[in-house]
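Asker: If you're matching positions, the sequence shown starts at 47 in the working numbering and goes up one per residue. Positions of the beta carbon are idealized from the N, C-alpha and C atoms, including for glycine. Since we're looking at a predicted model, the values are computed, not measured.
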Amino acid sequence: MADAGPTKPAPSKRRFVARANVRLTADELTELSEAAAIAKVSLSKYIRQRSLGHPVIASVDMAMVSELRRLGGLLKRVHTESGGAYSEATAAAIEAIRHHIEGMNSP
Numbered sequence: 047m048a049d050a051g052p053t054k055p056a057p058s059k060r061r062f063v064a065r066a067n068v069r070l071t072a073d074e075l076t077e078l079s080e081a082a083a084i085a086k087v088s089l090s091k092y093i094r095q096r097s098l099g100h101p102v103i104a105s106v107d108m109a110m111v112s113e114l115r116r117l118g119g120l121l122k123r124v125h126t127e128s129g130g131a132y133s134e135a136t137a138a139a140i141e142a143i144r145h146h147i148e149g150m151n152s153p
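#1: According to DSSP, is Ala131 helix, strand or coil?
#2: Please state if the CB of Ile143 and the CB of Leu114 are separated by a distance shorter than 8 Å.
#3: Can you tell me whether Lys86 is helix, strand or coil according to DSSP?
#4: Residues in the same chain with beta-carbon distance under 7 Å from Leu117, minus the five sequence neighbours each way, listed in chain order, please.
#5: Count the other C-beta atoms from every protein chain shown that fall within 10 angstroms of the C-beta of Ala82, then say buried if there are 16 or more, exposed otherwise.
#6: Just tell me which of Arg60, Leu120, Arg123, Leu78 has its CA closest to the CA of Gly90.
The structure is reproduced here in structure tokens:
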């Protein structure tokens, strides 16, 4: 079997070797701490992700997106099985779900 070369360790296995000190106001620290708590990640991880331009997606948000997608699938099924009898209502509901999911991606 050929050697594929060095691989990058999984994010949970990485070893952080450097530290950066950042000065914050009390309000900034409170805001960042609250945002990290909502996302259910450490303050360090939250600041690291945001400063590198990576999205911070709260696990609650992912559960919500999953549920909204499930509901969209059920609405599509209603539309298909009813032969389009409720097409205006299902289209409006699906559009509302799509709009909500897109809104969750905005900061």
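Answerer: By the coordinates alone:
#1: coil
#2: yes
#3: coil
#4: Closer than 7 Å at Cβ, skipping near neighbours: Ile143.
#5: With a 10 Å radius around the Cβ and a threshold of 16 neighbouring Cβ atoms, Ala82 comes out buried.
#6: In the sequence as displayed, the identity of residue 90 is Ser instead of Gly. Ser90 has its Cα closest to that of Leu78, out of Arg60, Leu120, Arg123, Leu78.
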